[in-house]
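Structure record follows, encoded as structure tokens.
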Amino acid sequence: MKPRSTAYAKLADVRPGTLEPPAELRRRVGGLIRSVARHLPLGAVAATGAAIATVAARHVLLTAAVAAERAGPGHGNYWYTRELHMSIDQVLEDSIVRQWSELKEITNSRLIPLDRNVRGEYLIESRFRDESWHEPTAGASTVWVTTKLGARPARPEDELAWRRAGSPRSWAVEGAELEDRDGNVLGTDAHLVHAEEPEPVVERTYPNRDDSIYWLAGHGVSLQDLAALPTDPMALKAEFLRRFTGEGSEGGPCGATYWIYDSARNLILEMPVPPGVRAATFRMLADLPEMRVIHDVVDPLGRAATAVAMRNPEITDGAYEDRLLIDAKTGVGLGTESYVLERSTDRPWAPPGLRLFWTAVEAAHWTDERPEPVPDSATNVPSG
Amino acid sequence: MSKADAATQFTTLYDTHFNAVYGYLVNRAGRQLAEELASETFLVAWRRLDDVPAAERAWLFGVARNLLRDSRRSAARAASVATELASWVSEQSSSDVADVVVERATVLRALTQLSDNDRELLTLVAWHGLSTSEAARVVGCSRATYFVRLHRARRRLERALATESAYPPVPAASEGNNP
Numbered sequence: 001m002k003p004r005s006t007a008y009a010k011l012a013d014v015r016p017g018t019l020e021p022p023a024e025l026r027r028r029v030g031g032l033i034r035s036v037a038r039h040l041p042l043g044a045v046a047a048t049g050a051a052i053a054t055v056a057a058r059h060v061l062l063t064a065a066v067a068a069e070r071a072g073p074g075h076g077n078y079w080y081t082r083e084l085h086m087s088i089d090q091v092l093e094d095s096i097v098r099q100w101s102e103l104k105e106i107t108n109s110r111l112i113p114l115d116r117n118v119r120g121e122y123l124i125e126s127r128f129r130d131e132s133w134h135e136p137t138a139g140a141s142t143v144w145v146t147t148k149l150g151a152r153p154a155r156p157e158d159e160l161a162w163r164r165a166g167s168p169r170s171w172a173v174e175g176a177e178l179e180d181r182d183g184n185v186l187g188t189d190a191h192l193v194h195a196e197e198p199e200p201v202v203e204r205t206y207p208n209r210d211d212s213i214y215w216l217a218g219h220g221v222s223l224q225d226l227a228a229l230p231t232d233p234m235a236l237k238a239e240f241l242r243r244f245t246g247e248g249s250e251g252g253p254c255g256a257t258y259w260i261y262d263s264a265r266n267l268i269l270e271m272p273v274p275p276g277v278r279a280a281t282f283r284m285l286a287d288l289p290e291m292r293v294i295h296d297v298v299d300p301l302g303r304a305a306t307a308v309a310m311r312n313p314e315i316t317d318g319a320y321e322d323r324l325l326i327d328a329k330t331g332v333g334l335g336t337e338s339y340v341l342e343r344s345t346d347r348p349w350a351p352p353g354l355r356l357f358w359t360a361v362e363a364a365h366w367t368d369e370r371p372e373p374v375p376d377s378a379t380n381v382p383s384g
Numbered sequence: 385m386s387k388a389d390a391a392t393q394f395t396t397l398y399d400t401h402f403n404a405v406y407g408y409l410v411n412r413a414g415r416q417l418a419e420e421l422a423s424e425t426f427l428v429a430w431r432r433l434d435d436v437p438a439a440e441r442a443w444l445f446g447v448a449r450n451l452l453r454d455s456r457r458s459a460a461r462a463a464s465v466a467t468e469l470a471s472w473v474s475e476q477s478s479s480d481v482a483d484v485v486v487e488r489a490t491v492l493r494a495l496t497q498l499s500d501n502d503r504e505l506l507t508l509v510a511w512h513g514l515s516t517s518e519a520a521r522v523v524g525c526s527r528a529t530y531f532v533r534l535h536r537a538r539r540r541l542e543r544a545l546a547t548e549s550a551y552p553p554v555p556a557a558s559e560g561n562n563p
């Protein structure tokens, strides 16, 4: 029998070859780690359990950045975007609809006195498609075509409630609160939505006042401004922060991180920026704290997507999670969604988990063709 | 430390220790998870670069070891390790003569019969380039305790090897070339 030490001594000679990383793997991981390291604040302590998710999250955004860098800039006279929008509303009670109709007949006003706690019937979702052709020079114009695609019950339970209500083809939904000059609430605007819109297509033409025709980070910017944005992620972040006032792009309080996220989302989905700026935007997102990546989701059009999710922590009445949807392999923006996390007094009818809004980007590219501008703006707006 | 200095230090750390960390993780978690875990280990190293002591490799192994404990991965890890260990036994070098191949497979098979802890103890020095004091640090005990535990693990390896040698598995018939 061999001495006891032999087996252990033999181990060194039988080291499996699989313990050596293949050169290609070593390169790949080296590249990933270095690029992640470049974008991670030095010394930040990761929650260990979340670290791998963080690596994967950042990796997917850095992949998108590389893909965005490879994309061509595109050519054409008009920047074209086509977006499909969905929003959910609560259907107001029949009595309110009647009241609204009577008021309208009498005063031609849409204003109705509305108790915010009034019970609605069920939820409906409305969709419309927006197309726009931006000609990015002063003195030119932007053509907008909006196609109202009608409304329908939002969820299966809403469909049941709708059938019980006699399957109406139009609904009154709550609009904005109206105030008088002293800030007293007069009532709430309401509007009617239809299953089939009587005049679905609205075309408008807006002459460009100057060349600042794009809206980014709370400011009008020109094509030249967009082209001059930094291609360094830290500099781009600083540029967005420079424009940060504490108020969100659609009003209301907004955290700085959410502001950067919101600006980046806008840029990725809608802006004609050079590939290097798009790439920097993805890299900047990869570095954002509180950012959450959800892998393998499906966008509203059924396209495979990766979601980059963020909360605006300044919203204290209820809570929402916004999701930017991207195709990480190509660096293309697919859309955005907003989910309810906590119920708000503003929308007491919206339960946690409800997808309240989404926008799907169907196209965003340069083109040489567009509809003829309508001579007089707002020509085709339906009367009434 | 400036970010540029930090980047240089980190690159050196990566170049020096990546292969060892990766090998350790293949041993402990299988190839399927090793890449991901090695990436994460070095990411933690970047975030805690100021905490990395002179005994860099032992520290990195300690980080990797903590990541291995993540319960979210335990099921995936069990499957990945099983695949890995099976591949060692079937892995053959064409330049080896037949009896070397058999002995190699026997030793490895004996090793794969042992517990995860024993396998770790036995291979930290033999395979992963650690000194005994570094190995003790990785498993979190004194050097003296490490030797006691290693001694026990070596006896279990010896016993497993004896069993393997006494009852060698029937070799699979090679294709179309039966003796």
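As you go down the protein sequences, you meet chains A and B in turn.
Residue numbering for the first sequence follows our numbering, beginning at 1 and increasing consecutively.
Residue numbering for the second sequence follows our numbering, beginning at 385 and increasing consecutively.
Ideal Cβ placement from N, Cα and C applies to all residues, glycine included.
>> Counting only C-beta atoms, is Leu541 of chain B closer than 8 Å to chain A at any point?
In response: On the second sequence, residue 541 of chain B is found 157 positions in, with the first residue counted as 1. By this cut-off, Leu541 of chain B is an interface position.
> Taking Cβ-Cβ distances shorter than 7 Å, what residues in chain A pair up with Gly407 of chain B?
Replying inline: The residue given as residue 407 of chain B occupies position 23 in the second sequence. Within chain A, the residues near Gly407 of chain B are Leu19, Glu20.
>> Classify Gln90 of chain A: buried if its beta carbon has 16 or more other beta carbons within 10 angstroms, exposed otherwise.
In response: Position 90 of the first sequence, counted from the first residue, corresponds to residue 90 of chain A. Buried: at least 16 other Cβ atoms inside 10 Å.
>> Could you tell me which whole alpha helix (DSSP H) segments of length 4 or greater appear in the stretch 412-497 of chain B?
In response: Counting whole runs of 4 or more residues, the stretch 412-497 of chain B contains the alpha helix (DSSP H) stretches 415-431, 440-452, 458-474, 482-497.
> Which residues in the same chain have their Cβ closer than 6 Å to the Cβ of Glu314 of chain A, if we skip the five residues on either side of it in sequence?
Replying inline: Within the first sequence, numbered from 1, the residue matching residue 314 of chain A stands at position 314. Only Pro253, Cys254, Gly255 meet the Cβ criterion.
>> Can you pull the chain A neighbours of Trp511 of chain B, defined as C-beta to C-beta under 8 Å?
In response: What you label residue 511 of chain B is simply residue 127 of the second sequence in a count that begins at 1. Within 8 Å Cβ-Cβ: Leu11, Ala12, Arg15, Leu19.
>> Can you check which of these residues, A:Leu25, A:Pro373, A:Trp162, A:Leu149, is closest to Leu92 of chain A by C-alpha distance?
In response: Here residue 92 of chain A is taken as the residue at index 92 of the first sequence, counted from 1. Leu92 of chain A has its Cα closest to that of A:Trp162, out of A:Leu25, A:Pro373, A:Trp162, A:Leu149.
> Out of A:Ala68, A:Pro22, A:His134, A:His85, which has the shortest C-alpha to C-alpha gap to Gly76 of chain A?
Replying inline: On the first sequence, residue 76 of chain A is found 76 positions in, with the first residue counted as 1. Closest by alpha carbon: A:His134.
> Roughly how many angstroms separate the alpha carbons of Thr450 of chain B and Glu468 of chain B, rounded to a whole number?
Replying inline: Taking the second sequence and counting its residues from 1, the one referred to as residue 450 of chain B is at position 66. Taking the second sequence and counting its residues from 1, the one referred to as residue 468 of chain B is at position 84. It is Asn, not Thr, that sits at residue 450 of chain B in the sequence shown. Roughly 20 Å separates the two Cα atoms.
> Name the chain A residues whose beta carbon is nearer than 7 Å to that of Tyr631 of chain B?
Replying inline: It is not possible to answer for residue 631 of chain B, since the shown part of chain B is limited to 385 through 563.
>> Quick check on this structure: which residue in A:Glu362, A:Pro198, A:Ser141 has the alpha carbon closest to the alpha carbon of Arg169 of chain A?
In response: As a first step, residue 169 of chain A is located in the first sequence; it is residue number 169 there, counting from the start. Measuring from the Cα of Arg169 of chain A, the nearest candidate turns out to be A:Pro198.
> Hey, Ala309 of chain A and Asn208 of chain A are a contact pair by Cβ (cut 8 Å); roughly how many whole angstroms apart?
Replying inline: Reading the first sequence from its first residue, position 309 is the one you call residue 309 of chain A. Reading the first sequence from its first residue, position 208 is the one you call residue 208 of chain A. About 35 Å separates the two Cβ atoms, so there is no contact after all.
> If Leu325 of chain A and Leu334 of chain A are in contact, beta carbons under 8 Å, what's the gap, nearest whole angstrom?
Replying inline: For the purposes of this step, residue 325 of chain A is taken as residue 325 along the first sequence, with counting starting at 1. For the purposes of this step, residue 334 of chain A is taken as residue 334 along the first sequence, with counting starting at 1. About 4 Å; that satisfies the 8 Å criterion.
> Since Leu492 of chain B contacts Leu534 of chain B with CB under 8 Å, what's their CB separation in whole angstroms?
Replying inline: Locating residue 492 of chain B in the second sequence gives position 108, counting from the first residue. Locating residue 534 of chain B in the second sequence gives position 150, counting from the first residue. About 19 Å separates the two Cβ atoms, so there is no contact after all.
>> Comparing C-alpha positions only, which one of A:Ala364, A:Asp317, A:Asp327, A:Pro373 sits nearest to Pro348 of chain A?
In response: Here residue 348 of chain A is taken as the residue at index 348 of the first sequence, counted from 1. Closest option to Pro348 of chain A, Cα to Cα, is A:Asp317.
> Comparing alpha-carbon positions, which option in A:Ile294, A:Val66, A:Ile124, A:Arg27 lies nearest Phe357 of chain A?
Replying inline: For this step, residue 357 of chain A is matched to residue 357 along the first sequence. Ranking A:Ile294, A:Val66, A:Ile124, A:Arg27 by Cα distance to Phe357 of chain A puts A:Ile124 first.
>> What would DSSP say about Val273 of chain A, mapped onto helix, strand or coil?
In response: Here residue 273 of chain A is taken as the residue at index 273 of the first sequence, counted from 1. Reduced to three states, the DSSP call for Val273 of chain A is coil.
> Near Ala129 of chain A, which residues of its chain fall below 6 Å by C-beta distance, leaving aside the five closest residues on each side in sequence?
Replying inline: What you label residue 129 of chain A is simply residue 129 of the first sequence in a count that begins at 1. Sequence inspection shows Arg at residue 129 of chain A; the Ala mentioned does not correspond to that position. So the qualifying residues of the chain are Leu84, Thr147.
> Is it buried or exposed for Asp435 of chain B, if we count other Cβ within 10 angstroms and need 16 for buried?
Replying inline: Here residue 435 of chain B corresponds to residue number 51 of the second sequence, with the count starting at 1. Around the beta carbon of Asp435 of chain B, fewer than 16 other beta carbons sit within 10 angstroms, so the residue counts as exposed.
> Hey, how far is the Cα of Phe394 of chain B from the Cα of Arg26 of chain A?
Replying inline: Locating residue 394 of chain B in the second sequence gives position 10, where the first residue counts as 1. Locating residue 26 of chain A in the first sequence gives position 26, where the first residue counts as 1. Between the alpha carbons of Phe394 of chain B and Arg26 of chain A lies a distance of about 15 Å.
> Residues in its own chain within less than 7 Å of Ala154 of chain A by CB, not counting five upstream and five downstream?
Replying inline: Within the first sequence, the letter at position 154 stands for residue 154 of chain A. Residues Ile88, Leu123, Ile124, Glu125 of the same chain have their beta carbon placed closer than 7 Å to that of Ala154 of chain A, with the five preceding and five following residues left out of the count.
>> Give me the residue from A:Arg311, A:Gly150, A:Arg15, A:Leu267 with the minimum Cα distance to Ala195 of chain A.
In response: Within the first sequence, the letter at position 195 stands for residue 195 of chain A. The shortest Cα separation from Ala195 of chain A among A:Arg311, A:Gly150, A:Arg15, A:Leu267 belongs to A:Gly150.
>> I need the boundaries of the beta strand (DSSP E) containing Glu157 of chain A, first residue and last residue.
In response: For the purposes of this step, residue 157 of chain A is identified with residue 157 of the first sequence, where counting begins at 1. According to the DSSP assignment, Glu157 of chain A belongs to no beta strand (DSSP E) but to the alpha helix (DSSP H) extending over 156-164.
> Does Val45 of chain A have its Cβ less than 8 Å from a Cβ in chain B?
Replying inline: As a position in the first sequence, residue 45 of chain A is number 45, starting the count at 1. With a pLDDT of 41 at Val45 of chain A, under the threshold of 50, the predicted position of this residue should be treated as unreliable, and no value is reported.
> Along the chain, where does the beta strand (DSSP E) that runs through Tyr339 of chain A open and close?
Replying inline: The residue you call residue 339 of chain A lines up with position 339 of the first sequence. Note, Tyr339 of chain A: beta strand (DSSP E), 332-342.
> Taking 8 Å as the CB-CB limit, is Phe445 of chain B close to chain A?
Replying inline: As a working mapping, residue 445 of chain B is identified with position 61 in the second sequence. So, not an interface residue.
> Should Glu419 of chain B go down as buried or exposed, given a rule of 16 or more other Cβ atoms within 10 Å for buried?
Replying inline: Here residue 419 of chain B refers to the residue found at position 35 of the second sequence. Burial state of Glu419 of chain B is buried, judged by a 10 Å Cβ sphere holding 16 or more other Cβ atoms.
>> Just to make sure I have the definition right: I need the residues of chain B whose C-beta is within less than 8 Å of the C-beta of Ala7 of chain A. Which are they?
In response: Looking up residue 7 of chain A in the first sequence gives position 7. Taking a Cβ-Cβ cut-off of 8 Å, the neighbours of Ala7 of chain A in chain B comprise Val491, Ala494, Arg538, Leu541, Glu542, Leu545, given in sequence order.
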